[in-house]
Each structure stands twice: as structure tokens, then as C-alpha cells.
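Per the numbering used here, the sequence shown runs over residues 10 to 324.
Working notes, beginning with the structure itself.
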Amino acid sequence: MGARAHKTVERSGTGTSGNTAIAASDARFLLAIGERVRATRARINLSRKSLAERSGVSERYLALLESGRGNVSVLLLRHVGNALGLPPEALLHDTNDEPPELALAQQLLRSMTPQRLAHARKLLLGDFRNDPRARSKRIALIGLRGAGKTTLGVKLAQSLKRPFVELDREIEREAGTSLSEIFLLFGQQGYRRYERRCLEQLLERAGACVIATGGSIVSDPATYDVLLSTCYTVWLKARPEEHMERVIAQGDTRPMAGNTRAMDDLRRILDSRVELYRQADATVDTGGKSVRQSLAALKQALPQAGPKTPTGKAT
Numbered sequence: 010m011g012a013r014a015h016k017t018v019e020r021s022g023t024g025t026s027g028n029t030a031i032a033a034s035d036a037r038f039l040l041a042i043g044e045r046v047r048a049t050r051a052r053i054n055l056s057r058k059s060l061a062e063r064s065g066v067s068e069r070y071l072a073l074l075e076s077g078r079g080n081v082s083v084l085l086l087r088h089v090g091n092a093l094g095l096p097p098e099a100l101l102h103d104t105n106d107e108p109p110e111l112a113l114a115q116q117l118l119r120s121m122t123p124q125r126l127a128h129a130r131k132l133l134l135g136d137f138r139n140d141p142r143a144r145s146k147r148i149a150l151i152g153l154r155g156a157g158k159t160t161l162g163v164k165l166a167q168s169l170k171r172p173f174v175e176l177d178r179e180i181e182r183e184a185g186t187s188l189s190e191i192f193l194l195f196g197q198q199g200y201r202r203y204e205r206r207c208l209e210q211l212l213e214r215a216g217a218c219v220i221a222t223g224g225s226i227v228s229d230p231a232t233y234d235v236l237l238s239t240c241y242t243v244w245l246k247a248r249p250e251e252h253m254e255r256v257i258a259q260g261d262t263r264p265m266a267g268n269t270r271a272m273d274d275l276r277r278i279l280d281s282r283v284e285l286y287r288q289a290d291a292t293v294d295t296g297g298k299s300v301r302q303s304l305a306a307l308k309q310a311l312p313q314a315g316p317k318t319p320t321g322k323a324t
């Protein structure tokens, strides 16, 4: 009986200690919210009275909130955030290292149409990613299947005397199985994880090289940003009909079974990715061109041309 009572006391003591720790954590959390509200208000030179008028929250409650004593509801926090020009999650986010300008920029981006958002992203990438010449030691070819990434990539690498790397083959090597099996076993998300990991590993170990990427790499924002910021990217472009013809010429006869539907799907995929492909450093249209002509155009698109003849033209 005594032993049982002793165990009960121990559990009770642990619970009290745990509750105290939770209460202390909650207090720090509320204080951090209050500090963010007060700091943002001071930065935009807004009085507490003006904030109360804008948000519909009383001055008294705002004073409690800023002192860390206000047990604020989500809706009230939303009103305060809107009045400050911030999303409520910016006030909840428990990170002191991020500048308030980041939250303001996020708020601005959220208000944009998809077209303006794509344009803003392109401007940011143009201003802040590494200089093209600094990235040109790694040339990454992007585009739909059948664009000529492997064919032209191999020839460009030979011309520049650099190794050629096909990212999909790196993914298969890392996973120990084929791409189709990766999708079957792990799905799209599993493939994306392998793609990101293999790209990062490649960038760590490889110097100058030519990389052929998977056609859908542009659909993963994080991985695509890594590619854009570390490589000189070239979009190999062609008409949907030419993409289809080249895929069939490679020996894949599956599209022939339902040609109309396959073409519709191809056009839809291209339309959904075209703005992403356009973020590349350069675009080379391979439509209606021979391999030799496309390779010459690709060399001309690089920031530093390859070996030159005595006449000064790229070979």
C-alpha cells in the first residue's frame, strides 16, 4: 500500500513539473508574439490607438497582447496582422532570426496574380542568383522529353571536354532500381526526394560538366531553384509534334496507341511548364534543325563560347 502511494506521488510530481514547463513555454510564446506586434508597429510608426482603430481590437487588449499577457485568439491575431500588413502566421512564427521585411515581402507576393508572381520570381532570380559566367562551368539542359537533352548534351560535353551527366541515371544508381520502379514504389514524392538528393550530391562532387535533367525538374520549386542558382541553364525547345516524333524515334511506341490523347497531354504539360522553362538563362529552339545546327545554336547560347576556329566561329 505504501509503495503504491509512493508511486502515485511520483507521478503526480512529474505531472506538476510538466505542467509548469508547459506554462513557462506558453508564456515565452505569448511574449514573443507581443514583441513582434510591438516591433512591427514601431517600425511602421503606428500608434497603439491607430492599430486599435484599424484592427477593431481595443487598446487595452493590445496592451495586454504586447506585454505577453494576452491569450489571443486566432481571429483576433488575424485582425491585428491585417492591420499591420502581415499575415497572422508571421506573428505566430517563433523565429527571431528572420527580418520583418521577409514577412512583408511574403504578404506582397501573396497579393499578386499568378502571372505577376512568375514575373517577380524571374526578376528576383535575375538579380540575386550567381553571375552567369560563374555558373557556366556547369551547364544544365532542361526541357521536355524529346528536346534533345541527351543527344546534344553528349556532343556539347565532348566539344567542351567536360563530363556528361544524365540526372535520371544518377537517380537510378542512387535508388538501385529503374525510374519506373521508383515511381511504382515511392510515388512522385519519392522520385522528387531522389532527384533533389542526387542533384545536390552532383553539385558537391562535380566541377565543370554538362547535365541533362529530367523534363519535370522545373515542377519542384526547391530543386529548380538549386539548379538555377548553381548552373547555367538552357531550355531546349521544340514544337509538341517534334517532341512526339523524337520520343517515338527513340523506340518508345506507347504514344502511338492513342496518338490524339497523347498529343493533347503533351501540349497540356508543355503549356503548364512553359513559364518555368523560360526562367532558364537561355533558350535554344531545336525545331526544324539538325543535330549539327542545334549544337551550333547551343554553343552560341553559352556565356563563354567553346573552341573557336581561326575565323572566330564556334566549332
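All residues carry an ideal CB built from backbone N, CA and C; glycine is no exception.
Assigned with DSSP and collapsed to three states, residue 53 falls in coil, not helix or strand. Taking one beta carbon from each stretch, the stretch 111-123 and the stretch 143-153 have fewer than 3 pairs nearer than 8 Å; the two do not touch.
For residue 49, the closest alpha carbon among the candidates 75, 160, 28, 283 is that of 75. Residue state for residue 207 is assigned as helix, using DSSP reduced to three classes.
Where residue 147 is concerned, the enclosing beta strand (DSSP E) starts and stops at 147-151. Only exposed fits residue 58, as fewer than 16 other CB atoms lie within 10 angstroms of its CB. Per the Cβ contact rule, the stretch 292-308 is in contact with the stretch 240-256 (3 or more Cβ pairs under 8 Å). By the 16-neighbour rule on beta-carbons within 10 angstroms, residue 128 is exposed. DSSP places residue 246 in the uninterrupted beta strand (DSSP E) bounded by 241-246. For residue 177, the enclosing alpha helix (DSSP H) has its first and last residue at 176-184.
Taking all protein chains in view, the Cβ of residue 86 is crowded by 16 or more other Cβ atoms within 10 Å, so the residue is classified as buried. Classified as buried, residue 169 has 16 or more neighbouring CB atoms from the shown chains inside 10 Å of its CB. The beta carbon of residue 255 is closer than 6 Å to those of 155 in its chain, skipping five residues each way along the sequence. With fewer than 16 other Cβ atoms from the protein chains shown falling within 10 Å of its own Cβ, residue 301 counts as exposed.
Taking residue 62 as reference, the option from 278, 249, 93 with the minimal CA-CA separation is 93.
Residue 240 is not a Cβ neighbour of residue 171, given a cutoff of 8 Å.
Judged by beta-carbon spacing, residue 208 lies beyond the 8 Å limit of residue 186, meaning their Cβ atoms are not closer than that value.
A distance below 6 Å between beta-carbons, with the five flanking residues on each side excluded, links residue 81 to the following residues of its chain, in chain order: 74. Cα atoms of residue 99 and residue 41: separation of roughly 11 Å, rounded to the nearest angstrom.
In the DSSP assignment, residue 292 falls outside any alpha helix (DSSP H) and within the unbroken beta strand (DSSP E) covering 291-294.
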